[in-house]
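For the record, the sequence lines run as chains A and B.
The C-terminal position of the first sequence is numbered 80 in our numbering, with every residue numbered one higher than the one before it.
The C-terminal position of the second sequence is numbered 80 in our numbering, with every residue numbered one higher than the one before it.
Protein chains: 2
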Amino acid sequence: MAYPLLTEGEADRIFALWFELVGQAAVHQEPQRSLAGSMLDLWIEWLAERIDARTRARARADAIAMIATLDGALLMHHLGHTEVAKSAIVSATR
Amino acid sequence: MAYPLLTEGEADRIFALWFELVGQAAVHQEPQRSLAGSMLDLWIEWLAERIDARTRARARADAIAMIATLDGALLMHHLGHTEVAKSAIVSATR
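So, in structure tokens, the structure goes:
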């Protein structure tokens, strides 16, 4: 899995901004909430198209579950638990 | 698992504020970063004490992985994907 790439260089800065956006979205600030929703939808669609599932709804649900796992690990990384986040994602996706 | 309780009433509002705090922490704002770090450490300690593992380090690592999974699902819930977040957490923890 490409997880380590998401914690390095430009991607690391992008995800820090993603969490900042998500935080403002969680407390219902606009336009952050609409923007985070649109970005997440694009991400789900992109990933769902790459998942081999019986139905489109199943592929979308799997994509959301994968993104939840990924975001959870990245969140721990951004709060300083980099090593454990890496092991968690490796065991969740093997 | 008590997951649904975390998405209702007072807990739902608390986690929205948690994600707001985490977002500011991710972009290195202070005191949010220190505060989020301390809250996360307390949460990890509380959970690690309730995990039966061979070593304390293992219990802490397991606690962080569980919190990553939980936070990932809650993040999807706070961005509007409540149903899929619930299924994801159920399959991750069964």
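Backbone N, C-alpha and C fix where the C-beta goes; we use that ideal spot for every residue, glycine too.
With a cut-off of 8 Å on the beta carbons, I'd call valine 13(A) and alanine 39(B) a contact; round off their distance for me. The beta carbons of valine 13(A) and alanine 39(B) sit about 35 Å from each other, so the pair does not count as a contact at 8 Å.
Using 7 Å as the limit for Cβ to Cβ distance, is isoleucine 37(A) near chain B? By this cut-off, isoleucine 37(A) is not an interface position.
What does the Cβ neighbour count give for glutamate 31(B), buried or exposed, with the cut at 16 atoms within 10 Å? When all chains shown are included, glutamate 31(B) counts as exposed.
Distance CB(alanine 59(A))-CB(alanine 74(A)) smaller than 7 Å: Less than 7 Å separates the beta-carbon of alanine 59(A) from that of alanine 74(A).
Locate the alpha helix (DSSP H) running through valine 8(A), then write down its first and last residues. Unbroken alpha helix (DSSP H) run through valine 8(A): -5 to 12.
Once the 5 residues before and after leucine 33(B) are set aside, which same chain residues still bring their CB inside 8 Å of it? If the five residues before and after leucine 33(B) are omitted, its C-beta is found closer than 8 Å to the C-beta atoms of Ala49, Met52, Ile53, all from its own chain and listed in chain order.
How long is the line joining the alpha carbons of alanine 47(A) and leucine 28(B), rounded to whole angstroms? In this model, alanine 47(A) and leucine 28(B) are separated by some 32 Å (Cα to Cα).
Could you check which residue in Glu69(B), Gly9(B), His67(B) has the C-alpha nearest to that of leucine 65(A)? Of the listed residues, the one whose Cα sits closest to leucine 65(A) is Gly9(B).
Any idea if glutamate 69(A) is buried or exposed, counting beta-carbon neighbours within 10 angstroms, 16 or more meaning buried? An exposed status is given to glutamate 69(A), since fewer than 16 other beta-carbon atoms sit within 10 Å of its beta-carbon.
Of all Cβ atoms in chain B, is any one closer than 7 Å to the Cβ of histidine 64(A)? Chain B, which has a Cβ nearer than 7 Å to the Cβ of histidine 64(A), makes this yes.
So which residues of chain B does serine 73(A) contact, with C-beta pairs closer than 8 Å? Think of a sphere of 8 Å around the beta carbon of serine 73(A): the chain B residues whose beta carbon falls inside it are Ala47, Ala51, in chain order.
Determine the extent of the alpha helix (DSSP H) in which alanine 22(B) is found, giving its start and end residues. Residues 18 to 34.
Would arginine -1(B) and alanine 11(B) qualify as a contact pair, given that the criterion is a beta-carbon distance under 7 Å? No; because the gap between Cβ atoms is not below 7 Å, this pair is not in contact.
Which chain A residues sit within Cβ distance under 7 Å of alanine 2(B)? Near alanine 2(B) (Cβ distances below 7 Å), the residues of chain A are Ala12, Val13.
Below-7 Å beta-carbon distance, threonine 41(B) vs any chain A residue: Not one chain A Cβ lies under 7 Å of threonine 41(B).
Distance cutoff 7 Å, beta carbons only. Does threonine 68(B) sit that close to anything in chain A? No, threonine 68(B) lies away from the interface with chain A (no Cβ there is under 7 Å from its Cβ).
Exposure label - threonine 41(B); buried when at least 16 CB within 10 Å: With fewer than 16 Cβ atoms within 10 Å of its Cβ, threonine 41(B) is classed as exposed.
If you draw a straight line from the C-alpha of glutamate 6(B) to the C-alpha of leucine 26(B), how long is it? Spanning the two alpha carbons is a distance of roughly 14 Å.
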